[in-house]
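Residue numbers (the UniProt record's numbering): 1 to 249. Structure, as structure tokens:
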Amino acid sequence: MRAVRLLSLPLARSVDLTGIYYSECTIPNPLYTGFNSVPDCYPCKFVTSIEITQGTSSFFGFGRPFILKDPKINQFTYGETQKWYRTNQKIFSLARADHVEFTNPFVHSMSDVFAEERREEDIEQSSFSLEWRAASAGSVRLIRNLCGKPSFIPSESEVFPEMFLIIESSSSYAHLLPKPAFLGYVWVSQAHGSREVVLSPVPTCKNNCTDISVVLEPGHVLFLDMRYWDLQSFPLGDSVSISCMGSFA
Numbered sequence: 001m002r003a004v005r006l007l008s009l010p011l012a013r014s015v016d017l018t019g020i021y022y023s024e025c026t027i028p029n030p031l032y033t034g035f036n037s038v039p040d041c042y043p044c045k046f047v048t049s050i051e052i053t054q055g056t057s058s059f060f061g062f063g064r065p066f067i068l069k070d071p072k073i074n075q076f077t078y079g080e081t082q083k084w085y086r087t088n089q090k091i092f093s094l095a096r097a098d099h100v101e102f103t104n105p106f107v108h109s110m111s112d113v114f115a116e117e118r119r120e121e122d123i124e125q126s127s128f129s130l131e132w133r134a135a136s137a138g139s140v141r142l143i144r145n146l147c148g149k150p151s152f153i154p155s156e157s158e159v160f161p162e163m164f165l166i167i168e169s170s171s172s173y174a175h176l177l178p179k180p181a182f183l184g185y186v187w188v189s190q191a192h193g194s195r196e197v198v199l200s201p202v203p204t205c206k207n208n209c210t211d212i213s214v215v216l217e218p219g220h221v222l223f224l225d226m227r228y229w230d231l232q233s234f235p236l237g238d239s240v241s242i243s244c245m246g247s248f249a
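In structure tokens:
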């Protein structure tokens, strides 16, 4: 490795390579298969409702969905998100592996969304939806710190290097929530406002499992195994909704 570093010095002096640190790995691990197959639909077969609990659910070990009122989940407003983004804007500008989608044609960049003069009322008065997939190391770290880590994630678990930040107005359209690159255990935490989420069985489990509707309030975190469920989001309430999503194994 020392020889490689010495050989790369001339290139590093002539080309700014610092942004590469914030890019995701582009070489797949041939030994990692992830959760590519669904052996059966048992984790969703007998689910007819979702428990809301104050402590770790007994369903966790079986991969069944539950909602936890978690003090480790951070709650923050749109205004606080603005300040956080502007404070870390330099790091985000290097995040070449991130992907952002907007539904509002008048918004063209993250700088537009979090411009200093923009207010939460501006977002709420339009049909607005933002889906930010962070896969760059710097962005993932910052979003994870912003959102907080659910208390039910075991310390020995591997938290995947990917995070989603989802911001919507109450007049946004219903849509599917994103699927992480590494399917498996997923959490969706609610930082601000409310969100109705419908868990729909994946096509291979449609005949065995049924749709379930839940409402996420600030401080709630939904746990599920996304090998068995798709998530549909519906607007709810009269304020901007802010949610975070991550995955682990």
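Yeah, the Cβ is synthetic: ideal placement off N, Cα and C, and Gly gets one too.
- Take the alpha-carbon of residue 93 and the one of residue 129: they are about 21 Å apart.
- Taken through DSSP and simplified to helix, strand or coil, residue 43 comes out as helix.
- Looking at the DSSP output, residue 127 shares a beta bridge with no other residue.
- Residue 51 has 66 as its beta-bridge partners, per DSSP.
- Annotation: residue 206 to residue 245 spans about 24 Å, alpha carbon to alpha carbon.
- Check the Cα spacing between residue 212 and each of 110, 67, 73, 159: the tightest is with 67.
- Between the C-alpha atoms of residue 208 and residue 64 there is a straight-line separation of about 14 Å.
- Rounded to the nearest angstrom, the gap between the Cα atoms of residue 121 and residue 225 is 35 Å.
- Looking only at 193, 80, 215, 236, the smallest Cα-Cα distance to residue 242 is reached by 193.
- Looking from the CA of residue 52, the closest CA among 247, 177, 215 belongs to 215.
- With respect to the C-alpha of residue 234, the residue from 177, 116, 101, 221 having the closest C-alpha is 177.
- Between residue 201 and residue 247, the gap from beta carbon to beta carbon reaches 8 Å or more.
- Residue 169 counts as buried, since no fewer than 16 other beta carbons sit within 10 angstroms of its beta carbon.
- Annotated three-state conformation of residue 147 is helix, per DSSP.
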